[in-house]
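To start, the structure itself, in structure tokens.
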Amino acid sequence: MNNTYRIFKILEILVKYTNENKPLNTNQIIDHLNNKYDIYVERKTVYSDIKTLINLGYNIEKTNKGYYIYDYFFNINEIKILLDALMDINFLDTDFINKIKDKLYNFIDFENQKLLKKYDFINHKKVDDKLKYYIAIIIDSLIKNTSLIMEENIIFPHHLHRNNNKYYLIYQYENNNKIYFKRIDRIKNLNYSDKVKNSEVNKDLIIKILKNQINMYQDEFIRITIKLKNLKLIELFYDEFENINKVSDDLFVVNGYDNKLFYSKLLLFKNDIEILKPLNLKENYLNYLKDIITA
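Dropping the structure here:
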């Protein structure tokens, strides 16, 4: 039998069945090898194989109760952070999330898997198929360094960015050095192109765009009470604002920011929207409008 195969089966046993509070002794490791993999070894072979794994850099600790492995790729807290982040990605459907979860669980032992699954509540999310498709081909294009066709124009994608649960594509048109960005859910049509991308953008320029134009929402959000005077605009309202609580038919509380980018959202509604609270934001917005008029 191949020694490497046996050694890594011992590693697999340590990963799946041990932690600091639940080590396995040599006889238990031998039982796992026998029952799960039909591998029959002596105690001295287990000692030698574990020493080999330690020499390879695996963090295997020996106690008076046996052996356990620690800091194997991820700990339980790191896995939980990754799972929470997955749930927050709004273009991933539940089936895909479950597949990734199963793969992540392989990096921790069964006891910690049970602990995580105890608090594992998946909401069956409705996924925007168009958004999912667009993001998939953008990622593919960035990896393969190819162009895309956006609304009948050849574009060179440079960066995919997520901010406030919205996704933005930073790109430039063919034969045009200017850099643009667009929210992906507002792209009308996007498809593959066979043309190889022949343009690269300075990373500092991308960072500047992210900082000055897209990431202006880095301030702490505030809750804003808004009256929507024209209910025909309700779909646009839900598209533009985040974490909306409906108070009445025309009254809503949303997450917002006291900055120019948020004001630009309000401007989309012209006179069909009114800020009720907080009063200081209402005053700042009115001053912003005056500055535009007098500019």
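Residue numbers (our numbering): 30 to 324. Glycine included, C-beta positions come from ideal geometry on N, C-alpha and C.
Check	Outcome
Glu303 vs Lys256 beta-carbon contact at 9 Å	yes
Alpha helix (DSSP H) segments (min. 4 residues) lying fully within the stretch 164 to 248	232 to 238
CA nearest to the CA of Asn206, picked from Asn84, Glu229, Lys128 and Phe291	Glu229
Chain-order list of residues whose beta-carbon lies under 8 Å from that of Tyr246 (same chain, five-residue window excluded)	With a pLDDT of 47 at Tyr246, under the threshold of 50, the modelled position of that residue is not reliable, and no figure is offered here.
Closest Cα partner of Gly95 within the set Lys109, Asn48, Ser222 and Tyr197	Asn48
The stretch 208 to 221 / the stretch 154 to 172 touching (three or more Cβ pairs under 8 Å)	yes
Cβ pair count under 8 Å reaching 3, the stretch 222 to 239 against the stretch 274 to 282	no
C-beta atoms of Tyr66 and Lys45 nearer than 9 Å	no
Asp60 to Thr92 span [Cα, whole Å]	19 Å
For Gly95, the residue or residues it bridges with in DSSP	Thr92
Straight-line Cα distance separating Tyr163 from Leu145	32 Å
Straight-line gap, Asn220 to Leu177 (C-alpha atoms, nearest Å)	6 Å
Asn272 (DSSP reduced to helix, strand or coil)	strand
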